[in-house]
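The numbers in the numbering used here rise by one with no breaks, and the one at position 40 of the sequence shown is 64.
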Amino acid sequence: MQIKRYTAADMRQALKLVREEQGPDAVILSSRKLDGRVEVTIAVDPEELELLAAAATPAVASTARSDSFEALVAAREAPRPAPHMAAVPAVDDALNGELRSLRRMLETQLAALAWNDLTRREPVAADLLRELTEFGFSRDIAAQVADDLPVGIDCTRARRLAIARLADRLPVLGDRWTEFGGRVALVGPAGSGKTTAIARMAARWVMRHGAAQVALVCADEQRFGAREELARIGRLLGVATFSVEGPAELAALLARLDDRRLVLIDTAGRSARDPALAEALAALNAVPGGVEVALTLAATTQAGAFEEAVQRFGAARPTACVLTRLDECSNLGGALSALIRARLPVAYVSEGQRIPDDLRTARALDLICMAVQLAERSGATADDELLSRRFGGSFHAA
Ligand SMILES: Nc1nc2c(ncn2[C@@H]2O[C@H](COP(=O)(O)OP(=O)(O)OP(=O)(O)O)[C@@H](O)[C@H]2O)c(=O)[nH]1
Ligand SMILES: [Mg+2]
Numbered sequence: 025m026q027i028k029r030y031t032a033a034d035m036r037q038a039l040k041l042v043r044e045e046q047g048p049d050a051v052i053l054s055s056r057k058l059d060g061r062v063e064v065t066i067a068v069d070p071e072e073l074e075l076l077a078a079a080a081t082p083a084v085a086s087t088a089r090s091d092s093f094e095a096l097v098a099a100r101e102a103p104r105p106a107p108h109m110a111a112v113p114a115v116d117d118a119l120n121g122e123l124r125s126l127r128r129m130l131e132t133q134l135a136a137l138a139w140n141d142l143t144r145r146e147p148v149a150a151d152l153l154r155e156l157t158e159f160g161f162s163r164d165i166a167a168q169v170a171d172d173l174p175v176g177i178d179c180t181r182a183r184r185l186a187i188a189r190l191a192d193r194l195p196v197l198g199d200r201w202t203e204f205g206g207r208v209a210l211v212g213p214a215g216s217g218k219t220t221a222i223a224r225m226a227a228r229w230v231m232r233h234g235a236a237q238v239a240l241v242c243a244d245e246q247r248f249g250a251r252e253e254l255a256r257i258g259r260l261l262g263v264a265t266f267s268v269e270g271p272a273e274l275a276a277l278l279a280r281l282d283d284r285r286l287v288l289i290d291t292a293g294r295s296a297r298d299p300a301l302a303e304a305l306a307a308l309n310a311v312p313g314g315v316e317v318a319l320t321l322a323a324t325t326q327a328g329a330f331e332e333a334v335q336r337f338g339a340a341r342p343t344a345c346v347l348t349r350l351d352e353c354s355n356l357g358g359a360l361s362a363l364i365r366a367r368l369p370v371a372y373v374s375e376g377q378r379i380p381d382d383l384r385t386a387r388a389l390d391l392i393c394m395a396v397q398l399a400e401r402s403g404a405t406a407d408d409e410l411l412s413r414r415f416g417g418s419f420h421a422a
C-alpha cells in the first residue's frame, strides 16, 4: 500500500485527476485546503495499478476500453506472471510489518503519557515503583505493593512500608530441619550447592544433637565422584553415609533408617529443561513414607532462569528452598519475586564456602533489606522508558 497526494484548484478537479491516474477504486484517505488549493491524499494498491496498466495494453484490452470495467475484470482474471504472484505476499508482509511497528509506536507513546501522568498524579507511588524496579522486583510484585499504599503517605514512609509488606509476603520456613529433623531430599540445578548445603545442615545438626541420629544418603548416580564426596563429608562429621541406585533402593534404605531423626538425601543436579526432570521428581514424590523436598537455587541465577527453575522443579512440590551464593549475587529482587509468586518458603541461605559458618536460617526482612542494599551498592537505575513500558497505563490493573 502506498500513499499519494494530488492537488488541484478545487475538489472536483482533484477527484478527476485521481480517477484518471488511479482508476475508480482509489481509496481517498483525506482532503484539505492548502494555499487556496485542494489536496487529496489517497491510498494506492500497487497491485491494482499493475492491473490498470495491464488492462491498458493491447494484449489484454481486446475490444474493451482500457479503463473500462470489463478491461479491469479481464486483467484481474488473466493469469499473472510468476514473479508478480510472489510479490503479493511480500506486499502483505510489508503492510503487516508497517502496521505492527505503527501499533508499537502508538503503544510506546501511550505508555509514556500514562507514566508521565502517574508521576504527576501519584508521585509517591511512581517513586516507589522506580525504587522497587531498581531493587530488581518484578512488575507484578512492585505494582501490587505500590497499589496498596495508603493515601497521603510520604516517600520515606512509603519505602519503609513497602519493605515491610514485601517481607510479609516472602515466606520462610524457619530452622525446622536442623532443629527437629526430617527426611529431606535436596534437588536443584547442577552446581547450585546441594551437597555443600547438606554438609552444612548435617554439621549444624551434629553441633546441636550429636552424630548418632543423622544419616546422609547419596542418590546421585550421575556425577562422577558424588558418592566419594558425600562419604568424605560423612567421615569428617562422623556421620553415617549411604548410597542408593534408584527409587526402590532409596525407599528400602529409608525404611531401615527409620530411627534416624534427620536423613539428608543428595540428588543429581539437573537442568530445569531436562526432559527427564519431571519423571525423576515424580519418583522422589512417590517414595513410600514420604520425603520432603528442598529446592536448592543459586541467587546468582538470572531472574528468568530462576523463575523457570522454580516452576519446573515445582513439580516436586518442594516444602522450601535453600538459597545459595548470596555472597556472589548483585541483584536479589528478581529471585525474591519468583519465590513470593510461587509462595515457596526459604529455609536457609548460604553466603560463602565455609562449612558450617556460611549457612543461615532465612529471615524475610533480612532478605528484602539485602535486595535493597545490593541495588544501592551496585547503583542500579531504572530509566523512564523502562518504567513507562512496565507500568504505563496498567499500574492499577496489575
Ligand atoms: N561462593 C559460594 N559458593 C558456594 C556456595 N554454596 C556452594 N558453593 C560452591 O559451589 C560449588 C558447587 O557446590 P556443590 O555443593 O558441589 O553443588 P551441587 O549442587 O551439589 O553440584 P552437583 O552435585 O554437581 O549438582 C562448590 O565449589 C561450593 O563450594 C555459596 O553460598 N557461595
Ligand atoms: Mg552435589
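Quick reminder that beta carbons are idealized off the backbone N, C-alpha and C, glycines included. All of these numbers come straight from a predicted model, not from anything done at the bench.
- Measuring C-alpha to C-alpha distances from glutamate 269 to each of Arg285, Ile289, Ile257 identifies Ile289 as the nearest.
- DSSP places glycine 270 in the helix class (H, G or I) of the three-state scheme.
- The beta carbons of threonine 157 and leucine 391 sit no closer together than 9 Å.
- In the DSSP assignment, arginine 163 falls within the alpha helix (DSSP H) that extends over 163-171.
- Rounded to whole angstroms, alanine 340 and asparagine 309 show a C-alpha spacing of 6 Å.
- For proline 342, the Cβ stays outside the 8 Å cut-off from all heavy atoms of ligand 1.
- Counted as a single uninterrupted DSSP element, the stretch harbouring glycine 258 is not any beta strand (DSSP E) but the alpha helix (DSSP H) occupying residues 250-261.
- The segment 395-414 makes no contact with the segment 251-271; the number of CB pairs closer than 8 Å stays below 3.
- In the DSSP annotation of this structure, the continuous segment of the beta strand (DSSP E) that includes threonine 385 starts and ends at 383-385.
- Between the segment 238-251 and the segment 278-288 there are three or more inter-stretch CB-CB distances shorter than 8 Å, so the stretches are counted as touching.
- Boundaries of the beta strand (DSSP E) around leucine 321: 316-322.
- Taken from the Cβ of serine 267, every heavy atom of ligand 1 lies 8 Å or farther away.
- Short of 6 Å from the beta carbon of leucine 383, and not among the five residues preceding or following it, lie these beta carbons of its own chain, in chain order: Arg224, Tyr372, Ser374.
- At a threshold of 8 Å, alanine 214 counts as near ligand 1, since its beta carbon sits closer than that to one of the ligand's heavy atoms.
- Nearest C-alpha to leucine 58 among Arg36, Gly47, Ala32, Leu39: Ala32.
- Rounded to the nearest angstrom, the gap between the Cα atoms of leucine 194 and isoleucine 27 is 56 Å.
- At the C-beta level, alanine 318 and cysteine 345 come within 9 Å of one another.
- In the DSSP assignment, lysine 218 is bridged to no other residue.
- In the three-state scheme derived from DSSP, where H, G and I count as helix and E and B as strand, leucine 58 is classed as strand.
- In the three-state DSSP reduction, valine 373 falls in the strand class (E or B).
- Between threonine 348 and glutamate 316 the beta-carbon gap is near 18 Å, outside 8 Å, which marks them as no contact.
- If the five residues before and after alanine 150 are omitted, its C-beta is found closer than 7 Å to the C-beta atoms of Leu142, Thr143, all from its own chain and listed in chain order.
- For valine 211, no alpha helix (DSSP H) encloses it; the enclosing beta strand (DSSP E) starts and ends at 206-211.
- A residue is called buried when at least 16 other Cβ atoms come within 10 angstroms of its Cβ; asparagine 355 meets this threshold and is buried.
- For valine 230, the closest of Gly212, Glu203, Glu273 by C-alpha to C-alpha distance is Glu203.
- For aspartate 290, the three-state secondary structure derived from DSSP is strand.
- Here the alpha carbon of glutamine 335 sits roughly 27 Å from the alpha carbon of glutamate 155.
- Leu152 is the residue among Glu45, Ala191, Leu152 whose C-alpha sits nearest the C-alpha of leucine 173.
- Secondary-structure assignment with DSSP links arginine 29 through a beta bridge to Thr65.
- In the three-state reduction of the DSSP assignment, threonine 157 falls in the helix class.
- In the DSSP annotation of this structure, the continuous segment of the beta strand (DSSP E) that includes valine 346 starts and ends at 344-348.
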